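Numbering (our numbering), first residue to last: 12 to 171.
For glycine and all other residues, C-beta sits at the position ideal for the given N, C-alpha and C.
None of these values were measured; they are calculated from a predicted model.
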Ligand SMILES: [Zn+2]
């Protein structure tokens, strides 16, 4: 069984195998790449010209761009945004106020950078809350760390 379709470029009738439905094929005459509709044998040459044909006689696989159905692209909109680091920043922030004050500045700096990226649409906004909380904890941890250092200096001076 075969699917017959008009080439989108030159109009020549292209014949493809049923199992190539939903894939793409290149016309051997004009080189136009067209996508084969998921029509099956009932598909006729009179169909919508936007649904395109396969190259006759050519092995369809080389042209088959795997999962491409009706213009739906594999890469979603988020493909150009960086993954968020919300979990990392949150952990650093929590550590900074509990046991590891040195983490504070890192959570603060990373958090402020990532919040900027999220606002500008360059980073996955799903981590906004984690990033924000982690950054705030990082600020608190940094201030606590600073205070404790100052306090130790004062105590050291006072004990002299
Ligand atoms: Zn053609």
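Rounded to whole angstroms, what's the CA-CA distance from residue 29 to residue 18? Just pull it up for me.
Cα-Cα distance, rounded: 17 Å.
Using 10 angstroms around the beta-carbon of residue 110, count the other beta-carbons present and answer buried if the total reaches 16, otherwise exposed.
Counting Cβ neighbours within 10 Å, residue 110 comes out exposed, since fewer than 16 surround it.
I need the DSSP call for residue 92, collapsed to helix, strand or coil.
Coil.
Does the distance between the C-beta of residue 36 and the nearest non-hydrogen atom of ligand 1 fall short of 7 Å?
No.
Does the beta-carbon distance from residue 146 to residue 100 come in below 8 Å?
Going by C-beta atoms, residue 146 is nearer than 8 Å to residue 100.
When every heavy atom of ligand 1 is checked, does at least one fall within less than 7 Å of the C-beta of residue 93?
Flag unset: Cβ of residue 93 not near ligand 1.
Rounded to a whole number of angstroms, what is the C-alpha to C-alpha distance between residue 14 and residue 39?
When rounded, the distance between both Cα atoms is 16 Å.
List the DSSP bridge partners of residue 25.
For residue 25, which the question treats as bridged, DSSP gives the partners 16.
Across the segment 157 to 164 and the segment 116 to 130, are there enough close Cβ pairs to call them in contact, namely three or more that are closer than 8 Å?
No: fewer than three Cβ pairs fall under 8 Å.
I'd like to confirm something about residue 32: is its beta-carbon nearer than 7 Å to some heavy atom of ligand 1, or not?
Incorrect: residue 32 has no Cβ contact closer than 7 Å to ligand 1.
Which of the three DSSP states, helix, strand or coil, is assigned to residue 118?
Note: residue 118 maps to helix in three-state DSSP.
For residue 41, which residues of its own chain have a beta-carbon under 6 Å away from its beta-carbon, when the five flanking residues on both sides are left out?
Excluding residues within five positions, the ones whose Cβ falls inside 6 Å are 20 and 21.
The alpha helix (DSSP H) with residue 137 in it runs from where to where?
No alpha helix (DSSP H) contains residue 137, which DSSP labels as neither H nor E.
For residue 35, count the other beta carbons within 10 Å of its own beta carbon; 16 or more makes it buried, fewer makes it exposed. Which is it?
Per the 10 Å Cβ criterion, buried.
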